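Listed in order, the protein sequences are those of chains A and B.
Per our numbering, residue 282 is the first one in the first sequence, and the count goes up by one each step.
Per our numbering, residue 89 is the first one in the second sequence, and the count goes up by one each step.
Below is one structure; the comments refer to it alone.
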Amino acid sequence: MSKPTDLVQGTLALLILKTIANQPMHGWAIGQRIRQVSREVLQVNQGALYPTLHRLEQNGWIKAKWGESDNNRRAKFYSLTPAGRKYLEKEQANWQRLSTAIGLVLETS
Amino acid sequence: MPRAIDKLRLRFQSLFSKGRVERELSDELRFHLERQIEENRAKGMSAEEARRQALIELGGIEQVKEECRDARAWQVLDETWRDACYAARMMRKSPGFATVAILTLALGIGANTAIFSAVDGILLRPLPYRDSARLVSIWSLRTQLRFEGGYEDEISSAEYVQIQAAKKIFDDVTFAHPARIAILIGAASPRTLGIDEVPANFFTTNGVAPALGRFFTPEDERPGHDHVAILSYRVWQEEFGGSRSAVGKTVAFDQQLYTIVGVMPANFRLTGEDCDVWVPLYPRATLATNPTDHRFEVWARLRRGVALRQAQTTLNIIAQRVGNEFPGQEKGRGLVVRPYLASHVAPVRTSLFLLLGAVGFVLLIACANLSNLLLARGLGRSKELAVRSALGATRWRIARSLLIESLLVALCGGAAGLLCGWWGVRVLRTLAPPDTPRLDDVSLNATVFLYALGAAAFAGILSGLPAALRGLPLDVSVALKESPRNGTETGRQTQWKNVMVGAQVALCVVLLSGSLLAVRSFEKLLDVKLGFRSDHVLAMAIHLPRFNYRTEAQQRAAFRQILDRARAAPGVESAGAEINPILESVGLSAKFRAASGTGPRGYSFFQARYITDDYFHALGIPILRGRSLTAAEVDDRANVAVVNETLAQRLFGKQDPVGSSLIEGLYQSGERKLEIVGVAGDVRDRDVSFRPRATVYLPYYLMAHITLMHLFVRTKTEPETLAATVEHQIRKVDPDIPIADVRTMRQTIAENLHTSRVQTFLFSGFAVLALALVLVGIYGVVAYSANRRTCEMGIRLALGARPGAIARLVIGEAMLPVLLGIAVGFGGSLALTRLMRSLLYEVSPGDPLTLGATLIAMLLAGLAASYFPARRAMRVDPVAALRNE
């Protein structure tokens with residue numbers, strides 16, 4: 282199986298968690314949403330989206346539920362579990378620290 | 089925690105409901121595609137183009153699915169499952185190995201399962217009473233009468249009243265007073281019932297619920313309202329056919345009417361003796377404070393948070409207080425408190441734990457066998473393992489697959505073992521002495537099942553580890569070139585096998601010596617001089633209905649008639665009677681001193697047995713000096729006595745006691761002077777294994793108001809055949825007299841030895857099993873290594889070695905670990921057989937004869953196991969052996 286690098290994988294997971302933090306969403310909508318919010322900068326690789334979702338579910342960060350989509354079709358909605366929420370907070374803080382640090386390095390040198 | 093459970097659920101879901109997971113995955117991706125196509129169409133693409141673009145963006149449905157599956161899969165479990173399938177195929181391919189391995193473990197685990205189910209049912213499982221851990225029983229201890237053998241008594245009413253007042257320690261104190269034997273007339277033949285008087289709190293303290301009806305309430309204790317009764321389950325079944333309408337019926341015990349209010353549950357057996365009927369007794373109204381009526385079986389419920397030691401401290405103070413209050417009484421009485429379950433099962437505790445140890449050893453021996461079997465098998469598979477290693481399997485992965493193989497074998501062995509255990513439990517329940525406590529609770533249940541599973545897993549891991557850790561042939565190319573028969577066995581592996589053989593020999597030595605000790609002890613018990621002739625003796629218990637025989641004169645006349653009738657029956661040689669039958673109950677205890685002589689001055693407590701004329705003749709007890717009691721002396725309550733040898737020795741030394749006098753101290757009215765008319769031989773009357781005690785035989789009717797008689801009849805022919813005749817004769821006196829416990833003296837002795845017999849049987853059974861396993865184990869190792877060295881033997885023979893030398897080589901190498909094992913086993917035996925000291929009679933754990941026999945047996949076993957491989961090695965044809973290479 283081809284593994285994306287850890288950074289990419291970790292980042293995608295973080296983006297997914299953040300995206301569904303407020304409301305449950307299905308996979309397609311998650312991809313769309315990330316694109317919209319990032320103003321079309323981040324293009325989610327759809328091939329990587331689903332394996333990541335399944336891995337997150339397997340880890341217990343998110344849980345899936347079948348429900349009605351906006352156009353009345355059955356879709357699998359993902360939402361954060363309490364453990365996932367904690368994990369998101371931790372990872373978000375990590376990310377912020379990291380990006381600040383990188384920013385500092387880039388600015389001074 | 090819920091997260092962990094969720095994760096497990098998901099993993100199991102992807103493992104076991106693959107279909108659903110797959111369906112959901114397809115649905116999810118289909119939904120995605122449809123949305124993407126819609127989106128693309130909205131951007132103005134054609135239907136064809138929209139679909140194509142959507143698929144491209146997703147990157148191939150099958151790839152995504154595969155990656156999702158990988159994300160979900162539980163890899164370790166998946167691999168384990170594949171390993172297990174592989175192991176199962178390997179087992180099918182070598183049925184011989186599988187059969188031997190599974191059978192070996194099945195025997196070991198079966199024995200463990202059976203014995204553990206007894207340990208679980210009797211010792212471990214809580215009693216079916218509410219909060220039974222707080223239930224304690226209290227006994228009165230005679231600290232100064234050690235030689236009498238009766239260390240523990242029931243509680244006296246004086247003690248009870250004090251114990252009851254200790255409210256800080258006990259929530260509730262209750263008792264059962266085995267009040268009397270009542271006669272129930274109305275059934276096919278009159279029968280006797282044991283009646284216990286209990287206070288209303290008896291049932292609440294014990295925390296048991298009635299099977300039917302209700303228990304007593306304080307209302308029932310009021311005089312006039314107290315003629316209510318609760319039946320035991322057995323009596324309810326036998327006399328009322330288990331009918332629910334029994335409650336509310338009126339029944340006559342000894343012609344007194346009682347209303348049945350309830351029935352006890354079937355498994356209720358709190359008192360030592362079987363009780364048939366409970367009737368209320370109001371404690372304070374009827375309890376005299378008497379320091380000598382040790383007849384109350386007392387239970388209490390510890391107050392929550394009170395430790396057993398605290399309770400014991402309080403009881404020590406109470407015992408002292410009672411002693412001070414009644415200074416005239418015997419000194420050195422103590423009180424002892426025990427957890428109820430522990431004191432209930434105390435008689436079988438030691439032997440059960442020892443048996444559990446014994447079967448544990450059997451299992452370890454079986455594991456050693458299996459371990460060597462797996463090692464040899466792994467060696468034969470060097471090539472296969474090398475191939476797997478060459479194909480990229482890691483060491484850990486191969487070790488794991490080997491371990492899974494041994495676990496699979498062990499689980500199959502465990503399943504077969506459960507079957508053996510199921511059968512074993514049935515055998516145990518039939519074999520066990522009927523008075524074993526909680527025998528009904530011994531069964532295969534979930535706990536036992538788990539234990540068997542645990543034993544199987546333990547055996548699988550233990551015996552699989554050496555083969556798994558053996559490591560791979562490091563040089564794959566070498567391993568691949570070797571012929572399977574000559575796969576390199578390193579020195580370490582040979583050593584390991586020898587260690588296993590040594591270990592199992594050592595374990596077997598311990599077991600064997602233990603069981604031989606049990607056999608020797610049992611043999612000695614069988615050889616014990618009982619002091620009476622047990623052949624041709626018929627015994628029975630006769631109860632006179634008190635309501636028909638009110639006065640002592642009536643009772644005496646009836647007993648005289650019964651004796652005469654019994655003696656007149658054809659085939660009867662003589663008949664005599666006493667109150668408490670020998671080997672079943674001890675005599676009464678009374679205090680005596682010699683009127684003159686050199687012996688001790690003050691009173692001592694001795695056993696008193698009240699007998700009729702011909703008692704000694706009927707039981708075949710020799711009269712050593714003087715004579716026995718005459719019929720006239722018995723009937724006229726003459727102040728005469730016969731003493732036994734031990735008493736004569738103790739009070740009179742070398743002097744002839746006949747003609748001397750004994751002084752009996754009476755509890756209420758001074759003393760009584762008895763003339764000694766004879767000396768009788770010593771009798772083992774308490775138990776076959778108990779030494780005779782000093783005993784005084786007194787005329788039957790010196791005991792006032794006795795309505796019970798235990799009759800001993802000496803017969804000319806086999807006693808069984810005369811039982812009906814004698815009963816018939818006695819019934820001629822009065823058809824309403826119940827006759828109970830008809831048995832021969834031989835039966836009584838067999839029952840007395842039952843426990844020892846079963847113990848001996850079980851210990852030797854397990855020792856034989858262990859010996860057989862060890863035999864197979866040694867044979868397997870020797871045969872395997874001799875077989876692998878066929879070529880070497882061929883060369884030796886070709887170079888001129890004599891066949892005898894070859895045999896010596898094989899046997900010598902085989903015997904080395906055996907000898908070491910014996911040496912270690914002897915050490916273990918000396919250390920461990922001490923634990924069984926309480927089960928042994930006149931044999932000590934270091935018994936040289938036992939150790940000698942063990943040594944010889946083990947040497948023979950080693951020689952026998954290596955003889956056949958040695959013979960085969962001797963007869964190797966050098967040419968054929970070398971050509972085979």
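Cβ atoms here follow ideal geometry from the backbone N, Cα and C, with glycine treated the same way.
Keep in mind that this is a model prediction, so the values were computed, not measured.
Item, Value
"Here's a check: name, in chain order, each residue in its chain whose Cβ is nearer than 6 Å to the Cβ of residue 872 (chain B), leaving out the five neighbours to either side.", "464"
"Let's see if you can read the secondary structure: which residues bound the alpha helix (DSSP H) around residue 515 (chain B)?", "483-519"
"Would you mind telling me which residues of chain B sit closer than 9 Å to residue 355 (chain A), beta carbon to beta carbon, in chain order?", "115, 119"
"Is residue 338 (chain A) close to chain B? Criterion is C-beta to C-beta, closer than 8 Å.", "yes"
"Please check the pair residue 952 (chain B) and residue 450 (chain B), which I expect to be a contact at CB under 8 Å, by giving their CB distance rounded to whole angstroms.", "The Cβ separation is near 20 Å, so there is no contact."
"Quick check on this structure: which residue in B:501, B:225, B:378 has the alpha carbon closest to the alpha carbon of residue 188 (chain B)?", "B:501"
"For residue 94 (chain B), return the contacting residues in chain A, with the cut-off set at a CB-CB distance below 7 Å.", "341"
"What in chain B is Cβ-close to residue 368 (chain A), meaning under 7 Å?", "Those within 7 Å of residue 368 (chain A) in chain B number zero; the least Cβ separation is about 10 Å."
"Is the CB of residue 384 (chain A) under 8 Å away from at least one CB in chain B?", "no"
"Quick one: grab the DSSP three-state call for residue 924 (chain B).", "helix"
"Can you have a look at residue 304 (chain A) and say buried or exposed, based on whether 16 or more other CB atoms are within 10 angstroms of its CB?", "exposed"
"Applying a beta-carbon distance threshold of less than 9 Å, which residues of chain B neighbour residue 328 (chain A)?", "145, 146, 147, 148, 151, 152, 155"
"Spell out whether any CB of chain A is found under 8 Å from the CB atom of residue 123 (chain B).", "yes"
"Can you find a C-beta in chain D that's less than 8 Å from the C-beta of residue 98 (chain B)?", "Of the protein chains in this structure, namely A and B, none is chain D."
"Which residue from B:669, B:228, B:332 puts its Cα closest to that of residue 801 (chain B)?", "B:669"
"Tell me which same chain residues have a C-beta within less than 8 Å of the C-beta of residue 101 (chain B), skipping the five on either side of it?", "108, 109"
"So the candidates are B:150, B:299, B:156, B:460; which of them puts its Cα closest to the Cα of residue 581 (chain B)?", "B:460"
"Per DSSP, which one or two residues make a beta bridge with residue 366 (chain B)?", "B:284, B:318"
"Which residues in chain A sit within 7 Å of residue 1000 (chain B), going by Cβ to Cβ distance?", "No statement about residue 1000 (chain B) is possible, as the shown extent of chain B runs from 89 to 973 and does not include it."
"Does residue 755 (chain B) pass the burial test, meaning 16 or more other C-beta atoms within 10 Å, or should it be called exposed?", "exposed"
"Name, please, each residue of chain B whose Cβ falls closer than 7 Å to the Cβ of residue 308 (chain A).", "116, 120"
"Starting from the N-terminal side, write out each stretch of the alpha helix (DSSP H) that is 4 residues or longer and does not extend beyond the region 877-959 of chain B.", "878-886, 891-920"
"Determine the direct distance from the alpha carbon of residue 405 (chain B) to that of residue 422 (chain B), and round the result to whole angstroms.", "9 Å"
"Given that a residue counts as buried once 16 or more other Cβ atoms are within 10 Å of its Cβ, and exposed if not, what is residue 812 (chain B)?", "exposed"
"So, at 6 Å on beta carbons, what are the nonlocal neighbours of residue 358 (chain A) in its own chain, with the 5 sequence-adjacent residues on each side left out?", "305, 307, 346, 348"
"Is residue 925 (chain B) buried or exposed, if buried means 16 or more other CB atoms sit within 10 Å of its CB?", "exposed"
"So residue 646 (chain B) packs on residue 703 (chain B), CB below 8 Å; how close in whole Å?", "That belief does not hold up - the Cβ atoms of residue 646 (chain B) and residue 703 (chain B) are roughly 18 Å apart, past 8 Å."
"Less than 6 Å between C-beta atoms, sequence neighbours within five positions excluded: which residues of the same chain meet that for residue 782 (chain B)?", "694, 734, 735, 738"
"Less than 8 Å separating the beta-carbons of residue 251 (chain B) and residue 386 (chain B)?", "yes"
"Less than 8 Å between the CB atoms is what I'm expecting for residue 228 (chain B) and residue 243 (chain B), so what's the real figure, rounded?", "5 Å"
"Measuring only the C-alpha atoms, how far is residue 877 (chain B) from residue 175 (chain B)?", "29 Å"
"Hey, out of B:835, B:151, B:301, B:217, whose CA is closest to residue 428 (chain B)'s CA?", "B:217"
"Examine chain B for any beta-carbon lying closer than 8 Å to the beta-carbon of residue 331 (chain A), and answer yes or no.", "yes"
"Taking its Cβ as the centre, do 16 or more other Cβ atoms sit within 10 Å of residue 948 (chain B), making it buried, or is it exposed?", "exposed"
"Our contact map puts residue 267 (chain B) next to residue 241 (chain B) with C-beta atoms below 8 Å; I'd like the distance itself, whole angstroms only.", "Their Cβ separation, rounded to whole angstroms, is 17 Å, which puts residue 267 (chain B) and residue 241 (chain B) out of contact at 8 Å."
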